[in-house]
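Right, one structure below, let's go through it.
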Amino acid sequence: MKPLKIFQSLPWLDEQPKKSVLYILLGSFLSISQTQLEELATVLVTSLVKFLWVASDNSTRVQEIVGKDGLVVPWCEQLKVLCHPSIGGFLTHCGWNSTLEALYAGIPMLTFPICFDQDGDSRLIVEKWKMGVSLKGKRGKYDIVWKEDIAKVVREFMDLDREKSKELREEALKLKAAAHNAIEGGLNKYLGFALIIFRLPAINFTGDLFV
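Here's what the structure looks like:
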């Protein structure tokens, strides 16, 4: 594997319009089924949405399906990618590290939990923080989200002119500001995140924490 293949994501992102790219990471330990992967990849080819997909062990298969319509890599520096101005959304399995990094970057999430505590993380993102939309709620036969449902949700999620999309991005930016204010106010990064997460309903968005 050549290093260029791994690290080419940032130069590619530099060439894309602001908030136009959907970043995709659906787990490294456990990921989606082959059928689900192919449904998702097929939709992305026809959706006209630009995407950067970290596919780990499946990167070759995904690249075969999508051709040159998006960038597929086995790994990237995720926080740098999420903070890049071309990123407009994050399709995520809702792993906790990914969730915190998206919150820090102020990026709305399209949630697709796979296992363990990820369903709870997804509900937190969608229902409590209101900075995400659940894709897995569209599951049909064989526990698969089929391409027709994926296409509709992805297009609406990445449509920056749509009112719901604007609301998601506004909430994401509020949470980003709260996280940054907590950290920049002298809190250790990890302590700051802990306060944000466990006290989030009691935060006002000047960064102050209510007792």
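So the sequence shown is numbered by the numbering used here: it starts at 74 and just counts up by one.
A virtual CB, placed ideally from N, CA and C, is assigned to each residue, including glycine.
Item                                                                                                                                                                                             : Value
How is the beta strand (DSSP E) around residue 129 delimited, first residue to last?                                                                                                             : Segment: none, residue 129 is in no beta strand (DSSP E) and carries neither H nor E.
What did DSSP end up calling residue 95 once you bin it into helix, strand or coil?                                                                                                              : strand
Compute the Euclidean distance between the alpha carbons of residue 288 and residue 208, then round it to the nearest angstrom.                                                                  : With the chain represented from 74 up to 284, any question about residue 288 goes unanswered, as that position is not in the structure.
Looking only at DSSP bridge pairs, what is residue 144 linked to?                                                                                                                                : 125
Counting only runs of 3+ residues fully inside the stretch 151-175, write out the beta strand (DSSP E) ranges in chain order.                                                                    : 160-165
Any idea if residue 106 is buried or exposed, counting beta-carbon neighbours within 10 angstroms, 16 or more meaning buried?                                                                    : exposed
Could you tell me which residues DSSP puts in a beta bridge with residue 182?                                                                                                                    : 163 and 205
With a CB to CB cut of under 7 angstroms and the five nearest residues on each side skipped, what residues in its chain are close to residue 89?                                                 : 123 and 159
Quick one: residues in its chain with C-beta nearer than 6 angstroms to the C-beta of residue 241, no 5 flanking neighbours on either side, listed in chain order?                               : 181 and 204
Taking 8 angstroms as the limit between beta carbons, can you name the residues of its chain near residue 244, skipping five residues before and five after?                                     : 181, 202, 203 and 204
Within 10 angstroms of its Cβ, does residue 172 collect 16 or more other Cβ (buried), or is it exposed?                                                                                          : buried
Return the Cβ separation of residue 206 and residue 230 in integer angstroms, given the expectation that the two are a contact with Cβ distance under 8 angstroms.                               : 6 angstroms
Kindly list the residues whose CB is nearer than 6 angstroms to the CB of residue 192, restricted to its own chain and excluding five residues on each side of it in sequence; keep chain order. : 186
State the start and end residues of the unbroken alpha helix (DSSP H) segment that holds residue 85.                                                                                             : 82-87
Determine the DSSP secondary structure at residue 138, reduced to helix, strand or coil.                                                                                                         : helix
To the nearest angstrom, how far is it from the Cα of residue 85 to the Cα of residue 144?                                                                                                       : 8 angstroms
Report all residues from its chain with a CB closer than 6 angstroms to the CB of residue 177; omit the five preceding and five following residues, and keep chain order.                        : 252
Going by CA-CA distance only, name the one from 257, 151, 246 and 219 that's closest to residue 109.                                                                                             : 219
Hey, quick one: how far does the alpha helix (DSSP H) through residue 118 stretch, first residue to last?                                                                                        : 107-120
Straight-line CA distance for residue 227 to residue 161?                                                                                                                                        : 11 angstroms
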